[in-house]
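Residues in the sequence shown are numbered from 4 upward in steps of one, following my numbering.
Using N, Cα and C, we set each Cβ at its ideal position, and we do this for glycine too.
Fair warning: this is a prediction, and the values are worked out from it, not measured in the lab.
Here's the structure we're looking at; comments come further down.
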Amino acid sequence: MRLPALYKGVCTVLYDGDCPLCRVEINFLKLFFNKERKVKFVDITKNTFKAEDHLGITYEEAMGNMHVIGEDDKVYKKMDGIREMYRAAAWSEKCPSGLVSDCIHTTCSTGAELHCVDGLCTCNSPQRKCITRDDCLAITDWNCREQDRHCVDNLCVCGRWATMF
């Protein structure tokens, strides 16, 4: 699996504005991770919501589970929708030049190396081969939180950007 590429367009998140947990999460994203306006948030509980404006996704469908319309007009649902939302909001530190020198806020654990992969800063640790994420979770001598461990291109990487991927 390659790291997700940087978002070029805008994605649309359909959310339940009457849900307290949903509002907290959406407000968090708006404040801290949507500075480039890559995510458009649509409260489906407002009278202005119209299915025809959102690829025909009805209020009932949107209330049933998470719906995100990606930059390619593909509809992502449930966890796939959450991943797409965070990918668009740029949950990670970017390295647009492709150089590690852009990664001034990303720190790696001891023995890990900092890399810029597909425009995102990430850490990996040499000799940590994997086939699935479970292989990375099984490593006992790695100073990387479990939620930050991921298998990317058959190498375990440690990065906060990937918690939703």
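Distance CB(residue i)-CB(residue j) smaller than 8 Å
i: T135; j: V160; result: no
i: M88; j: V27; result: no
i: G122; j: C106; result: no
i: E74; j: G12; result: yes
Through-space distance from residue j to residue i, alpha-carbon basis
i: V45; j: M82; result: 18 Å
i: W145; j: F31; result: 30 Å
i: H153; j: C133; result: 9 Å
i: S100; j: D76; result: 28 Å
i: K33; j: C25; result: 12 Å
i: P23; j: D137; result: 33 Å
i: N50; j: D156; result: 45 Å
i: I60; j: R131; result: 43 Å
Same chain only: Cβ atoms within 6 Å of residue i, ignoring 5 sequence neighbours per side
i: K21; result: Checking the sequence, you will find Asp at residue 21 rather than Lys. Hits under 6 Å: T48.
i: I29; result: Y18, F44
i: P129; result: Confidence at P129 is low in this model, with a pLDDT of 49, below 50, so its placement is unreliable and the value that follows should be read with caution. Here the set comprises nothing.
Residues near residue i in its chain [Cβ-Cβ closer than 8 Å; skip 5 each side]
i: V103; result: L117, H118, C119, C124
i: Y62; result: I47, F52, A54
Own chain residues within Cβ distance below 7 Å of residue i, not counting five before or after
i: I72; result: C14, T15, H57, L58, V78
i: E149; result: L140
i: K80; result: N68, M69, H70
i: I142; result: R131, C159
Candidates the options: closest to residue i by CA position
i: G67; options: E55, Y18, N50; result: Y18
i: A91; options: R40, R131, V155; result: R40
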